[in-house]
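K.L.:
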Amino acid sequence: ASSATEQVSSSGSHGKGEKRKSLEEEEKNGREELVEKKVCKGSAGILGLKGYVAERKGEREDMQDAHVILNDITEECQPLPSQITRVSYFAVFDGHGGVRASKFAAQNLHQNLIKKFPKGETISVEKTVKRCLLDTFKHTDEEFLKQASSQKPAWKDGSTATCVLAVDNILYIANLGDSRAILCRYNEESQKHTALSLSKEHNPTQYEERMRIQKAGGNVRDGRVLGVLEVSRSIGDGQYKRCGVISVPDIKRCQLTHNDRFILIACDGLFKVFTPEEAVNFIVSCLEDKNIQMREGKLEADARYEAACNRLANKAVQRGSADNVTVMVVRIEH
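Numbering (full-length UniProt numbering) for the sequence shown: 1 to 334.
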């Protein structure tokens, strides 16, 4: 999946000519970005978001995934900076070693986020929201670890976290571990739907992650931290936090456009058996299926999105995903 998110990259420049050129390019890009934002805001207005979910236990004994759908938390976040008119939150947590960390994160992360969300006026919404997300993850992890370590014996549960926070038409995607968020964007030129990656996975085989773990005195064996843990960032996992496993999320930002159709947030139970492109195309074909049964009193769009979630989760289990499977699809309403 190609990436739709904006990331800051720093590259050294050797000659003055190059430097001037890159500055000119930056200004041009900045102007284009502003134009895109104006077009997006003007033509699309604030896009409505609505979440749907399906979960399957798969071959596991218990369900360790958790999820949260909050289509609109604008009221809870008041008083908001005047430039913000809508806030939504969607999250998937894939637990391991028990259900307590994923459950705790699902119950508390958004509550902590609401408490820390910018109140009143702010100079830079983007910087403030990113700081708020970093503080929220740190605080939630510390709270859980405190509770976990006070038990006899101590809880060893951990969880991934993939959260999509929508502030008007800007998505902030905060991620720990190997669950993923994917945006379905329609390409007018090719007339095809594309899968755009909104999150970065964290596993110990990645160079930066492995270096951090080794520096902290841990090691990576068979692609796992100390030969056991499959992710290099998580909520909980107290026994691995001294070995370089951290709870600092990667945060990406993405501007929604009038060509965006839905966001898929799912745990690795789905992505073990589906590529992002396959999953997006599967959902699109469900949304366009003429044979979906409509129930009385239910909106057609709701019925289609619910069916898409259920069919995709079922298909993942059929394809042999032995893991828990959680599929969340967030409809972008135009």
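Ideal Cβ placement from N, Cα and C applies to all residues, glycine included.
Just so we're clear, the structure is a prediction, and the values are computed from it rather than from any experiment.
In whole angstroms, what is the alpha-carbon distance linking L49 and I182?
P.N.:
Cα-Cα distance, rounded: 15 Å.
K.L.:
Could you tell me the alpha carbon to alpha carbon distance between C77 and D222, rounded to whole angstroms?
P.N.:
Using only the alpha carbons, I get a separation of about 44 Å.
K.L.:
What's the C-alpha gap between D323 and S285?
P.N.:
Those two C-alpha atoms are separated by around 25 Å.
K.L.:
With distance defined between alpha-carbon atoms, name the residue in Y52, N314, L226, L47 nearest to D302.
P.N.:
If we check each option's Cα against that of D302, Y52 comes out closest.
K.L.:
With DSSP run on the structure shown, which of helix, strand or coil describes residue 342?
P.N.:
The chain is shown from 1 up to 334; residue 342 falls before or after that span and cannot be answered.
K.L.:
Determine the burial state of E208: buried for a count of at least 16 other Cβ atoms within 10 Å of its Cβ, exposed for fewer.
P.N.:
E208 is exposed by the Cβ-count criterion.
K.L.:
Can you check DSSP and say which residues form a bridge with A161?
P.N.:
Paired residues: L176.
K.L.:
Kindly indicate if chain C contains any beta-carbon less than 9 Å away from that of V225.
P.N.:
Absence of chain C from the displayed structure is noted, only one protein chain being present.
K.L.:
Cβ atoms of H193 and H258: under 9 Å apart, would you say?
P.N.:
No, the pair does not count as a contact, with Cβ atoms beyond the cut-off.
K.L.:
The beta strand (DSSP E) with F93 in it runs from where to where?
P.N.:
Residues 87-96.
K.L.:
Using a threshold of 9 Å, state whether the C-beta atoms of L109 and T136 are closer than that.
P.N.:
Yes. Within cutoff.
K.L.:
Quick one: using the 10 Å Cβ neighbour count with 16 as the cut-off for buried, is residue 375 buried or exposed?
P.N.:
Outside the displayed span of the chain (1 to 334) sits residue 375, for which this structure offers no information.
K.L.:
If we call anything under 9 Å between Cβ atoms a contact, is T160 one with C267?
P.N.:
Against a cut-off of 9 Å, the Cβ pair of C267 and T160 comes out as a contact.
K.L.:
Can you tell me where the alpha helix (DSSP H) holding L145 begins and where it ends?
P.N.:
From DSSP, the alpha helix (DSSP H) with L145 extends over 125-149.
K.L.:
I'd like to check one pair, F104 with E143: are the Cβ atoms closer than 9 Å?
P.N.:
Yes, they are a contact pair.
K.L.:
Taking buried to mean at least 16 other C-beta atoms within 10 Å of its own C-beta, is D178 buried or exposed?
P.N.:
Its Cβ being crowded by 16 or more others within 10 Å, D178 is buried.
K.L.:
Classify C226 as helix, strand or coil using the three-state DSSP reduction.
P.N.:
According to the sequence as given, residue 226 is Leu; it is not Cys. If DSSP states are grouped into helix, strand and coil, L226 belongs with coil.
K.L.:
A313: buried (16+ other C-beta within 10 angstroms of its C-beta) or exposed?
P.N.:
So A313 counts as buried.
K.L.:
Can the beta-carbon of G269 be found less than 9 Å from the beta-carbon of G58?
P.N.:
A contact, by the Cβ cut-off of 9 Å.
K.L.:
Is it a yes or a no for the stretch 237-244 touching the stretch 185-203, going by three-plus beta-carbon pairs under 8 Å?
P.N.:
Too few Cβ pairs lie closer than 8 Å, so no.
K.L.:
Does T205 pass the burial test, meaning 16 or more other C-beta atoms within 10 Å, or should it be called exposed?
P.N.:
With fewer than 16 Cβ atoms within 10 Å of its Cβ, T205 is classed as exposed.
K.L.:
For L133, which of L47, E288, G218, F117 has the nearest alpha-carbon?
P.N.:
Nearest of L47, E288, G218, F117 to L133, Cα basis: F117.
K.L.:
Which stretch, first to last residue, makes up the alpha helix (DSSP H) that contains Q107?
P.N.:
100-116 is the extent of the alpha helix (DSSP H) around Q107.
K.L.:
Which value, in whole angstroms, describes the spacing of the CA atoms of I332 and D65?
P.N.:
About 24 Å.
K.L.:
Would you decide whether G238 is buried or exposed? Buried here means 16 or more other CB atoms lie within 10 Å of its CB.
P.N.:
The residue in question, G238, is buried, as its Cβ has 16 or more Cβ neighbours within 10 Å.
K.L.:
Rounded to whole angstroms, how far is the Cβ of V327 from the Cβ of C309, which I believe are closer than 8 Å?
P.N.:
Yes, they are in contact, since the Cβ atoms of V327 and C309 sit about 5 Å apart, within 8 Å.
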